[in-house]
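The numbering used here applies: residue 461 is where the sequence shown begins, and numbers increase by one. Built from N, CA and C at the ideal position, the CB exists for glycine as well.
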Amino acid sequence: MIVCSCNIISDHDIRGALVSTDDELCSAAQVYDCLGCTVRCGRCSHSVKRILEERPAQASMVIDQSDGARAASRRRGQA
Numbered sequence: 461m462i463v464c465s466c467n468i469i470s471d472h473d474i475r476g477a478l479v480s481t482d483d484e485l486c487s488a489a490q491v492y493d494c495l496g497c498t499v500r501c502g503r504c505s506h507s508v509k510r511i512l513e514e515r516p517a518q519a520s521m522v523i524d525q526s527d528g529a530r531a532a533s534r535r536r537g538q539a
């Protein structure tokens, strides 16, 4: 979904920036800097912050490439 209509940035773009950088991104401004743009109107800041807050839950779902199928089935509730 589009999070920022000023810069046409999706939630996937933001999550990709979080994964691709070695730096700890803690604010909307840092996320936008990583994506090569700046916050314009600021209406998206709340949504960006929510995505940033989702990170700890996502970190526990890291999938090992050699074991991706088994990890995916565990997330769906299958053993």
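Classify cysteine 501: buried if its beta carbon has 16 or more other beta carbons within 10 angstroms, exposed otherwise. Counting Cβ neighbours within 10 Å, cysteine 501 comes out exposed, since fewer than 16 surround it.
Looking only at its own chain, which residues have a Cβ that is under 6 angstroms from the Cβ of glutamine 518, when we skip the five neighbours before and after it? Per-residue confidence for glutamine 518 stands at a pLDDT of 49, beneath the threshold of 50, marking its modelled position as unreliable; the derived number appears in the next sentence. Excluding five sequence positions before and after glutamine 518, none of the CB atoms of its chain fall closer than 6 angstroms to its own CB.
CA-CA distance, arginine 515 and lysine 509? Between arginine 515 and lysine 509, the C-alpha separation is close to 10 angstroms.
Between the beta-carbon of valine 499 and the beta-carbon of isoleucine 474, is there less than 7 angstroms? Contact flag unset, no.
Just how far apart, CA to CA, sit arginine 534 and alanine 488? Residue confidence is low: arginine 534 scores 46 on pLDDT, short of 50, so the model does not pin down where it sits. Its coordinate-derived value is still stated next. Going from the Cα of arginine 534 to the Cα of alanine 488 covers about 32 angstroms.
What residue range does the beta strand (DSSP E) around valine 479 cover? In the DSSP annotation of this structure, valine 479 is not part of any beta strand (DSSP E); the continuous alpha helix (DSSP H) holding it starts and ends at 471-480.
For isoleucine 511, does the three-state DSSP call read helix, strand or coil? Residue state, collapsed to three classes: helix.
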